[in-house]
Amino acid sequence: MEDTQIIILDYGSQYTQLLSRRVREIGVFSEVISFTTTAIDLKKYKNLKGIILSGGPSSVYAQDAYTIDKEIFNLNIPILGVCYGMQLMAEINGGKVELADNQEFGKATLFIDKTSDKLFKNISDKKQVWMSHADHLIKMPEGFEQIAHSDASIAAISNDAKKMYGIQFHAEVTHTQEGTQMIENFVYDICEAKKDWSMNIFIDHKVKEIKEVVKKEEVILGLSGGVDSSVAAALISKAIGKQLTCIFVDTGLLRKDEAKKVMDAYSKLFDMNIKLVDASDQFYKALENVKDPEDKRKIIGKQFVDVFNEQAKLMKNAKFLAQGTIYPDVIESSSKNHSSKMIKSHHNVGGLPDNLNFELLEPLRTLFKDEVREVGKQLGLDEKIINRHPFPGPGLGIRIINEVTKEKADILREVDDIFISKLFKYDLYNKVSQAFATILPVKTVGVMGDNRTYDYVVALRSVNTIDFMTANASHLPWELLEEVTNEIINKVSGVNRVVYDITSKPPGTIEWE
Ligand code: XMP
Numbered sequence: 001m002e003d004t005q006i007i008i009l010d011y012g013s014q015y016t017q018l019l020s021r022r023v024r025e026i027g028v029f030s031e032v033i034s035f036t037t038t039a040i041d042l043k044k045y046k047n048l049k050g051i052i053l054s055g056g057p058s059s060v061y062a063q064d065a066y067t068i069d070k071e072i073f074n075l076n077i078p079i080l081g082v083c084y085g086m087q088l089m090a091e092i093n094g095g096k097v098e099l100a101d102n103q104e105f106g107k108a109t110l111f112i113d114k115t116s117d118k119l120f121k122n123i124s125d126k127k128q129v130w131m132s133h134a135d136h137l138i139k140m141p142e143g144f145e146q147i148a149h150s151d152a153s154i155a156a157i158s159n160d161a162k163k164m165y166g167i168q169f170h171a172e173v174t175h176t177q178e179g180t181q182m183i184e185n186f187v188y189d190i191c192e193a194k195k196d197w198s199m200n201i202f203i204d205h206k207v208k209e210i211k212e213v214v215k216k217e218e219v220i221l222g223l224s225g226g227v228d229s230s231v232a233a234a235l236i237s238k239a240i241g242k243q244l245t246c247i248f249v250d251t252g253l254l255r256k257d258e259a260k261k262v263m264d265a266y267s268k269l270f271d272m273n274i275k276l277v278d279a280s281d282q283f284y285k286a287l288e289n290v291k292d293p294e295d296k297r298k299i300i301g302k303q304f305v306d307v308f309n310e311q312a313k314l315m316k317n318a319k320f321l322a323q324g325t326i327y328p329d330v331i332e333s334s335s336k337n338h339s340s341k342m343i344k345s346h347h348n349v350g351g352l353p354d355n356l357n358f359e360l361l362e363p364l365r366t367l368f369k370d371e372v373r374e375v376g377k378q379l380g381l382d383e384k385i386i387n388r389h390p391f392p393g394p395g396l397g398i399r400i401i402n403e404v405t406k407e408k409a410d411i412l413r414e415v416d417d418i419f420i421s422k423l424f425k426y427d428l429y430n431k432v433s434q435a436f437a438t439i440l441p442v443k444t445v446g447v448m449g450d451n452r453t454y455d456y457v458v459a460l461r462s463v464n465t466i467d468f469m470t471a472n473a474s475h476l477p478w479e480l481l482e483e484v485t486n487e488i489i490n491k492v493s494g495v496n497r498v499v500y501d502i503t504s505k506p507p508g509t510i511e512w513e
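Going by full-length UniProt numbering, the first residue of the sequence shown is number 1, and it counts up by one from there.
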C-alpha cells in the first residue's frame, strides 16, 4: 500500500503481528513482509519512514539462519531490531552473539544506562520487560553503545548517528511496561512518521478505491454471516450499492434460524441485492455415509463451490468476486512453513477456487480482526454480527461426529441455541471466545419419568483464547451448566446426556473434527 510508513521484516516470531498492530494502534500504517525483501524492493515504498526487524526462533549464528540484505543498513532509514532482529543487526555490524548461560524467558527488570537516548524518552528506569531469548549479545557492534541492561544481558543498544536501535526484550507485548511508549518514540521521534491511520480514514479511502476499480461493473460476494464477509459486504455496498449481489447459501449445516436472521439483518441494513440459496438437500445427499472428517470437509467445500458456481453463472455481468480475506490470512499464507504439519484442512466459505472467471476484490486484506470489527461498527453493522463467535466454514458438518444427517443437524441446532442463549442470559457470550455444541455418534441409557431412554450424547465446549492457536476451556459457572443441561434434556428429544469438554488446545483442537 502506498501509505506504508513502517515495514516489519518477519523473522518468524510469534509476536510479529503484534508489532504491526502496536504501530497501527498509535496511528501509523505498518505492514509485515518477508525477511527476504531486498533494499531495492524497499525503495519502492515511497512513504517508508522506518523498518523493524522482528524476533525469530533461530540463532543468528546457525548455518541456515534467516538473514538480511546488508544494503538495507545503507538506506538511511531508521531501523529497530527486536530480539533476534537486534542480534542479527549486531552480528552483521561487527558484534557477536552466543548461546547464553543465563537464558531469560519471561519477566525481567530493565536498567536504563543512557536515559537521554531517544528510544527511552519518557521511560522510567527499572521497568519490567518481557524477555524470550536463549542467545545473548557478548560484543557490541561497531558504532553502537549499550543503552540498557538486565541482570543477565545487554538489553538495548543504539547507534544514534545511523539511527539504528536494538532491544533484546519484546516491547510489543503487554507484559513490557511502557512498551507502547518505546514504540511511539521509535515511530514518531526517531522515524518522524506522521499520524495517518484510523478506521475512518480507511473507510473513506477504500470506498473511493472500490468505486474507481469497479466502475459500472457488478460484484458478487459469498456471505457467510460471519464478521469478515459481513464487513466486506457493508463496505462494498457503501461504495457501489446495488452493483453488489451477496449470495448466502443455506447448506443445511447452519445454526438455528441463521438463514432467516442473516437475510433480515442484511436486507434491512444495506442497499444491496442479497439472495438466499437453499442447497441443504444437496449437501445432506453428498454427505450420506461419509464419516471421515477430512472427507467431509472436502465434500462440503466442493458442494459450496458448485452452488456458488451455478449462481455466479446466472449473474452474467459480474466481473468481480469479493472476499472477506483479512490480514492474518494474508500473512499466514505467505509465511506458511512447508515443514509444519497439516492438522485440519480449514476451508472458508470465502475460499473459492481460482477457476472462477473473476477479478478478486478483497477490501479488508490489510486489516486485523479488531480493525475489521471497528470498520463494521463505523458502518453501522449490528453489534451482534460484529461480536459473533467464529463459525467454521463447514458449519455443523464438523460438529456432527461421523455421519451427517438432517435429523442430527436438527437436534444440534436446538442444543446449540439453548447453550448460546444461556450464555447471553448470564452475560458471558462476549466474555468467552467461542462456544458451541457437538453431537456424538453414541447413544447411552437414561431414565425419564419411569421410562428407559436410549439417546444421543452432546458435548458442550466453550473456550477462551486470544488467537485461536492455543485455548483454554472457559470456567463456566456450574449453575449455568446445570441449567443448560436440564433444558437440553427436557426440551430436545433425542438427547439424554450432556457433557462439558474441558480439554485445552493443545492437545485438543477447538472443534472436535
Ligand atoms: P481448531 O478446531 O483447528 O479451530 O482448533 C481453530 C478455529 O478455526 C475454526 N475452524 C474453521 N474455520 N473453516 C473455517 O473457516 C474451517 O474449516 C475451520 N475449522 C475450524 C474453529 O471454529 C476455531 O475458531
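Think of the CB as a built atom: it goes at the ideal place given N, C-alpha and C, for glycine as much as any other residue.
query: Would you mind sorting residue 16 into buried or exposed? The rule is 16 or more other CB atoms within 10 Å of its CB.; result: buried
query: Output yes or no for whether 7 Å exceeds the beta carbon distance between residue 462 and residue 415.; result: no
query: Cβ of residue 39 within 7 Å of Cβ of residue 10?; result: no
query: Can you find the residues in the same chain that come closer than 8 Å, C-beta to C-beta, to residue 435, ignoring five residues on each side of it along the sequence?; result: 389, 419, 420, 423, 429, 460, 461, 462, 463, 474
query: Under a Cβ-count criterion, where at least 16 other Cβ atoms within 10 Å of its own Cβ denotes burial, should residue 156 be classed as buried or exposed?; result: buried
query: Does the ligand XMP have even one heavy atom less than 6 Å from the beta-carbon of residue 393?; result: yes
query: Between the region 178 to 187 and the region 111 to 123, are three or more C-beta pairs nearer than 8 Å?; result: yes
query: Let me make sure I understand the geometry here. Which of 440, 283, 159 has the alpha-carbon closest to that of residue 308?; result: 283
query: Report all residues from its chain with a CB closer than 8 Å to the CB of residue 198; omit the five preceding and five following residues, and keep chain order.; result: 27
query: Quick one, which of 22, 231, 140, 166 has its alpha-carbon nearest residue 385's?; result: 231
query: Going by beta-carbon coordinates alone, are residue 131 and residue 79 separated by less than 7 Å?; result: no
query: Less than 7 Å between the C-beta atoms of residue 239 and residue 207, yes or no?; result: yes
query: For a minimum of 4 consecutive residues, which ranges assigned as the alpha helix (DSSP H) are wholly contained in the region 441 to 513?; result: 478 to 491
query: Within the present structure, is the beta-carbon of residue 169 separated from the nearest heavy atom of the ligand XMP by less than 6 Å?; result: no
query: Which two residues bound the contiguous alpha helix (DSSP H) that contains residue 17?; result: 16 to 25
query: Excluding the five sequence neighbours on either side, which residues of its own chain have a C-beta within less than 8 Å of the C-beta of residue 378, listed in chain order?; result: 199, 200, 203
query: Please list, in chain order, all residues of the same chain as residue 115 whose beta carbon is under 6 Å from its beta carbon, the five residues on each side excluded.; result: none
query: First and last residue of the beta strand (DSSP E) that includes residue 226?; result: Here residue 226 belongs to no beta strand (DSSP E), and DSSP marks it neither H nor E.
query: What whole-angstrom Cβ distance do residue 321 and residue 276 have, given they're in contact under 8 Å?; result: That belief does not hold up - the Cβ atoms of residue 321 and residue 276 are roughly 19 Å apart, past 8 Å.
query: Measure the CB-CB distance between residue 139 and residue 106 and report whether it falls below 7 Å.; result: no
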